[in-house]
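Structure first, then comments.
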Amino acid sequence: MSAAAARGGGIAHWLGRARTAVAVAMSGYHLWTGFLGTPVGEVHFPLHLLLALLVLFLARGSDGPARPLALAWDFALIGVAAAATGYLFLNARYITERMLFVEPLTTTETVLAAGLLVVVLEAARRTVGWVLVAVLAVFLAYALFGNALPGALWHRGYSLEAVLEYSYLTTEGLFGAPLAVMANYVFHFVLFGSLLAASGAGDFFTNLARALTARAVGGAAKSAVVASTFMGMLTGSSAANVVTTGAFTIPTMNRSGYSKEFAAGVEAVASSGGQVTPPIMGAAAFIMMEFTGTTYATIMGISVIPAGLYALAVYIMVDLEARRLGLAAAADPGAPTALAVLRRQGYLLIAIVVMIGILVDGWTPTTAAVWAIATLVALLVVLDAENRRRILTVCWQAMADAPRLVAPVTVACAVGGILVGIIGQTGLGLRLSGVILDAAGGHMIVLLVLTTIMGVVLGMGMPTSGAYIIMAALLAPGLVQGGVTLLAAHMFIMWVASKSSITPPVAIASYAAAAVAGSDPWRTSWVAFRLGLSIFLIPYMFVFGPQLLGMGEPLEVGLAVATASLGIFALSVAIIGWLFAPLGMIERAVFGGASLLLIKPGSLTDVAGVALVLAFGGLAWLRRGRAARR
503 MSAAAARGGG IAHWLGRART AVAVAMSGYH LWTGFLGTPV GEVHFPLHLL
553 LALLVLFLAR GSDGPARPLA LAWDFALIGV AAAATGYLFL NARYITERML
603 FVEPLTTTET VLAAGLLVVV LEAARRTVGW VLVAVLAVFL AYALFGNALP
653 GALWHRGYSL EAVLEYSYLT TEGLFGAPLA VMANYVFHFV LFGSLLAASG
703 AGDFFTNLAR ALTARAVGGA AKSAVVASTF MGMLTGSSAA NVVTTGAFTI
753 PTMNRSGYSK EFAAGVEAVA SSGGQVTPPI MGAAAFIMME FTGTTYATIM
803 GISVIPAGLY ALAVYIMVDL EARRLGLAAA ADPGAPTALA VLRRQGYLLI
853 AIVVMIGILV DGWTPTTAAV WAIATLVALL VVLDAENRRR ILTVCWQAMA
903 DAPRLVAPVT VACAVGGILV GIIGQTGLGL RLSGVILDAA GGHMIVLLVL
953 TTIMGVVLGM GMPTSGAYII MAALLAPGLV QGGVTLLAAH MFIMWVASKS
1003 SITPPVAIAS YAAAAVAGSD PWRTSWVAFR LGLSIFLIPY MFVFGPQLLG
1053 MGEPLEVGLA VATASLGIFA LSVAIIGWLF APLGMIERAV FGGASLLLIK
1103 PGSLTDVAGV ALVLAFGGLA WLRRGRAARR
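Residues in the sequence shown are numbered consecutively from 503, following the working numbering.
Following this line, the structure appears as structure tokens:
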């Protein structure tokens, strides 16, 4: 080994230690604020951002030898971030009391604001890619030069100084609602999920999924669906879920007879459900809580039925594909029994139940998360001999892992805060809503389709939280003006945003699954998109039928769930092209049409949809019977 390489390895070692120390300090700080309360936003939010940036910029040097110039650039970025946030800490009272857009920025404030903006954009480029950076560049240009645009896009225009002031010296902009949600709520839930993962929850849920699907047709794929759904309740991240469960489920599906692309597609779609699956949903759900002024318990409650329909949709798709391929039900010889799994690690569920109970009782999400963490640590010490011996290692690992998961989303939320500020200050959201409403012509279905198309385009290549922030600011007002309730509108947008991770051409979860499977990323993303088509029905269903959000009498809710399930089944049959036997194009078209009839609750459309499914399902059954007799 050369002397330069040895020095590089030594630097990487120490930078790795520094990064871990910063991450653990960040977790410790958030635990402290979770139990004892947070400082004022002018201190708390910049400190959260600074720690996240440190975790990100120390990564390059700690992952291996890096070029001296690259390290110097990273340290310069860290220095600028520390100076800009340090100024806010030291002048918190002055910043709180100053008059926005009245007192001019000092030269120091202008330089620090511009510097911090550059640092955040570089962090976003490294973690999210150029897409979010390009979107912000377009919106910054719009804020500065909107007074030169014609028609509905015109606004009075803002100076660069005004944009920097709003972004840096207020609890809007960089430190607006999206970043506040990360600092106040999301971090604590991610820390709880990391502690569960370090405690062996991944093995627990994977083994439980294997036990529940061991003898089912296509059991390997169904195990992936169940395991990814369980893990999605804890991670709230599509890509992280793919990597965690896919390392086991994808090879198992390959050995069972599924192609690499199909196995990776199933894992991508199933893992994307974590964003909308309670109790620990993605960051977008917490941002939705802030945007709608409701409680997280309410959002969890209205998400239960749609999340169940999501898992059902993926389960039906893999079942039909397994039967189309002729895969026989085969026992998994290594699968444990469900009872054995629960006896060994079922105590992990107690902490989750405690968290849900505290939320339902009306306490804040932060309180629920930190007491769930305390409960889990106590359970590990009292009930798990293996984890008791290494409890400090488990806690240290969780405290080091959580910031690494949170940091990229924090940066996306900081950029998203600037976008929300620009959209609000320029009035672009209201103008765009008017354009969409005019184009829809008063037809709700057209309004929803236009919103979906625009949402998919805006969300390409972005994490769900970033896509949701932009869509909520631009598109939610139009849905509400068009007659959709506030919660249903934001739920619709969050669901569309979460599907951006499996929608080509930039499908983050699909590409992560393709990397695990060794499959072609492009083909995998299209397989995942096809498998997820039936899931795109669900947000339309709960907009037209709020009973699916738990709003209504029990009988109404039950009927809505039944017809929605049948609609998902019908579209799945149309996509796979199999029901008891291969289906022709006309039969597939009929099942697709039946699924559309079942979107909107109503006696006439429901009866017609059910009749078509039963009639053509019966014909498929009879045809299979005749083929078997031959």
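Glycine included, every Cβ here is placed at the ideal spot set by N, Cα and C. Predicted, not measured: the structure shown is a model, and the values here were computed from it.
It is roughly 6 Å from the alpha-carbon of A1016 to the alpha-carbon of D1022.
Per the coordinates, the alpha-carbon of W534 lies some 20 Å from the alpha-carbon of L861. Taking a C-beta distance under 8 Å as the contact criterion, P1041 and V998 qualify as a contact pair.
It is roughly 49 Å from the alpha-carbon of A645 to the alpha-carbon of D705. DSSP, reduced to helix, strand and coil, places W1080 within a strand of the structure shown. When the Cα atoms are used, L573 and E674 turn out to be separated by approximately 32 Å. For E674, there is no enclosing alpha helix (DSSP H), as DSSP gives it neither H nor E.
Pairing L1100 with A1066 gives a Cβ-Cβ distance under 8 Å.
Boundaries for Y660: no alpha helix (DSSP H) harbours it, and the DSSP string shows neither H nor E there. Contact check between the stretch 843-858 and the stretch 878-886: three or more CB pairs, one atom from each, fall below 8 Å, which counts as touching. Fully enclosed alpha helix (DSSP H) runs of no fewer than 4 residues occupy 1035-1046, 1056-1078 of the stretch 1029-1081, in order along the chain. Fully contained in the stretch 758-846 is no beta strand (DSSP E) run of length 3 or more. The C-beta distance from A1019 to A765 rounds to 6 Å, short enough to fall under 8 Å.
About 13 Å separates the beta carbon of T779 from that of T747, a gap too long to meet the 8 Å contact definition. Counting C-beta pairs with one atom in each stretch, the stretch 772-790 and the stretch 961-981 have three or more that are closer than 8 Å, which means they touch.
Excluding five sequence positions before and after A914, the CB atoms of its chain that fall closer than 6 Å to its own CB belong to V630, P965, S967, G968, given in chain order. The beta carbon of S1012 lies closer than 6 Å to those of A770, I1004, T1026, S1027, A1030 in the same chain, with the five residues before and after it left out. Contact annotation: V542 and A583 have beta-carbon atoms that are not nearer than 8 Å.
Take the alpha-carbon of G1060 and the one of V640: they are about 46 Å apart. In the DSSP assignment, Y1013 falls within the unbroken alpha helix (DSSP H) covering 1010-1019. With fewer than 16 other Cβ atoms from the protein chains shown falling within 10 Å of its own Cβ, Y596 counts as exposed. The three-state reading of DSSP puts Y849 in coil, since its state is none of H, G, I, E or B.
In this structure N649 is exposed. Its beta-carbon is surrounded by fewer than 16 other beta-carbon atoms within 10 angstroms.
Residues L1033, S1074 of the same chain have their beta carbon placed closer than 6 Å to that of M819, with the five preceding and five following residues left out of the count. Rounded to the nearest whole angstrom, the CA to CA distance from A900 to F577 is 26 Å. Judged by DSSP secondary structure, I1004 falls outside any alpha helix (DSSP H); it is assigned neither H nor E. The three-state secondary structure of T608, taken from DSSP, is coil. Under the DSSP assignment, I925 falls in the alpha helix (DSSP H) whose first and last residues are 893-928. Within the same chain, Cβ atoms closer than 8 Å to the Cβ of F647 are found at G659, the five residues on either side in sequence being excluded.
In the same chain as A700, and ignoring 5 residues on each side of it, the C-beta atoms closer than 6 Å to its own belong to V896, Q899, A900, in chain order.
The three-state reading of DSSP puts R600 in coil, since its state is none of H, G, I, E or B.
Judged by DSSP secondary structure, T954 falls within the alpha helix (DSSP H) whose first and last residues are 946-961.
When DSSP states are grouped into helix, strand and coil, L551 belongs to the helix group. In this structure the stretch 923-939 does not lie against the stretch 687-700, because fewer than three pairs of beta carbons, one per stretch, are closer than 8 Å.
Going by beta carbons, V958 and S1002 fall inside the 8 Å limit.
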